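Each residue of the sequence shown is one higher than the one before, starting from 1 at the first, in full-length UniProt numbering.
All C-beta atoms in this analysis are idealised placements derived from N, C-alpha and C, irrespective of residue type, glycine included.
As the structure is a prediction and not an experimental result, all values here were calculated from the model.
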Amino acid sequence: MPKDAEIALPARSAKLEANVMEVYAKRASAAGADFKGQALTQQQVADLLWCAYGVNRKDVGKLTAPSTMNSQEATLYAIFPSGAYRYDNANHKLIRVATADLRKEVASMQKDMADAPLMLVVVCHPNKIPVPPAKQRECCLIDAGIVSQNISLYCAAAGLKNRPRITMDQDALRKALGLAADDMLVINHPIAL
């Protein structure tokens, strides 16, 4: 990906030749050695992000992933060798938040994951959910799990390798991404061709 401050993504593909039952049959978590692959195309990145958490009903601002009381409390971060970007799903573009290569911070103890050309990090903002504070964390975990499944299913359909995982250097990523103290780094996905 380029090092631009903002990257306008191409419109999502109108069609992906995949049978739903075959996609579920193909869904798998790749091993660390599988991530030494080439980078995704910009179209693949655009389709992946849209499937994960894109706007699919512009007239009402609804997303491909449901959320508690339509809180839409998640944010997707795309981590490339060229830097980290926040996915602006309303405008289907990437906004750079860091110029450093943060893949080692996402990989953390599982160093072989750091070779992935793309890592997606799902962050939740519990204070956006209009439920009692004691329930906000639970809602975030459920909603992030739905986004994670969308990522896994798109990867299976598109023939991409991915692995949902919770291991990551939370402190380093929180600082590098400029997150608030109560933001939750829930799950990440290394992704490769």
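Within its own chain, the residues whose Cβ lies closer than 8 Å to the Cβ of aspartate 182, once the five positions on either side in sequence are excluded, are His125, Pro126 and Asn127, listed in chain order. Note: glutamate 105 is not bridge-paired with any residue in the DSSP secondary-structure output. Under DSSP, no beta-bridge partner is assigned to leucine 48. Using a C-beta cut-off of 8 Å, the region 101-121 makes no contact with the region 6-22, since fewer than three inter-stretch Cβ pairs fall below that distance.
For valine 131, there is no enclosing alpha helix (DSSP H), since its DSSP letter is neither H nor E. Leaving aside the five residues that flank leucine 48 on each side, the residues in its chain whose CB is nearer than 6 Å to its CB run, in chain order, Tyr154.
Residue environment for proline 117: buried (at least 16 other C-beta atoms within 10 angstroms of its C-beta). Per the Cβ contact rule, the region 143-153 is not in contact with the region 89-101 (fewer than 3 Cβ pairs under 8 Å).
Around the beta carbon of glutamate 73, 16 or more other beta carbons lie within 10 angstroms, which makes this residue buried. Annotation for alanine 5: Ile95 and Arg96 place their beta carbon closer than 8 Å to its own, counting only its chain and skipping 5 residues before and after.
By the Cβ test, the region 46-63 is in contact with the region 76-88, since at least three Cβ pairs between them sit closer than 8 Å.
For proline 190, the closest of Asp171, Arg163 and Arg174 by C-alpha to C-alpha distance is Arg163. As the crow flies, the alpha-carbon of alanine 192 is around 7 Å from that of glutamine 38. Between alanine 84 and alanine 46, the C-beta gap is not smaller than 9 Å, which leaves the two residues out of contact.
The beta-bridge partner set that DSSP reports for valine 122 consists of Leu76 and Ile187. CA-to-CA, the gap between alanine 30 and isoleucine 166 works out to about 15 Å.
Residue pairing from DSSP places alanine 84 in a beta bridge opposite Ile79 and Ala98.
Residue state for isoleucine 7 is assigned as strand, using DSSP reduced to three classes.
Straight-line measurement puts the Cα of alanine 65 at about 23 Å from the Cα of threonine 41. By the neighbour-count criterion, in which 16 or more other beta carbons inside 10 Å mark a residue as buried, lysine 161 falls on the buried side.
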